[in-house]
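Numbering (the numbering used here), first residue to last: 518 to 576. A virtual CB, placed ideally from N, CA and C, is assigned to each residue, including glycine. Below is one structure; the comments refer to it alone.
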Amino acid sequence: MKKVERVLIKIIIVQFIFLFLTQLFFHQLNVLPQVKQLTKYEGVNENTFTEILETFQGN
């Protein structure tokens with residue numbers, strides 16, 4: 518069982534590293550400008566946390 522757990526932990530670490538590098542590659546290095554434009558249209562990169570808080574405090 519320990520061997521399986523070690524393998525799973527290694528897989529999780531490798532997946533996290535690939536996720537981080539991919540995000541860095543696409544968004545920070547501006548490799549695909551269409552992806553960055555798409556996130557602006559979806560509103561993913563905007564700070565809408567205060568609006569959500571205002572909505573909850575208003576009720």
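Boundaries (first-last residue) of the alpha helix (DSSP H) holding residue i
i    : result
V548 : It is not in any alpha helix (DSSP H) - V548 carries neither H nor E in the DSSP assignment.
F535 : 519 to 540
Close beta carbons around residue i, own chain, < 7 Å, minus the five adjacent residues each side
i    : result
V548 : F542
C-beta neighbour in chain B for residue i, strict 8 Å
i    : result
M518 : Reference to chain B is not applicable here, since this structure consists of a single protein chain.
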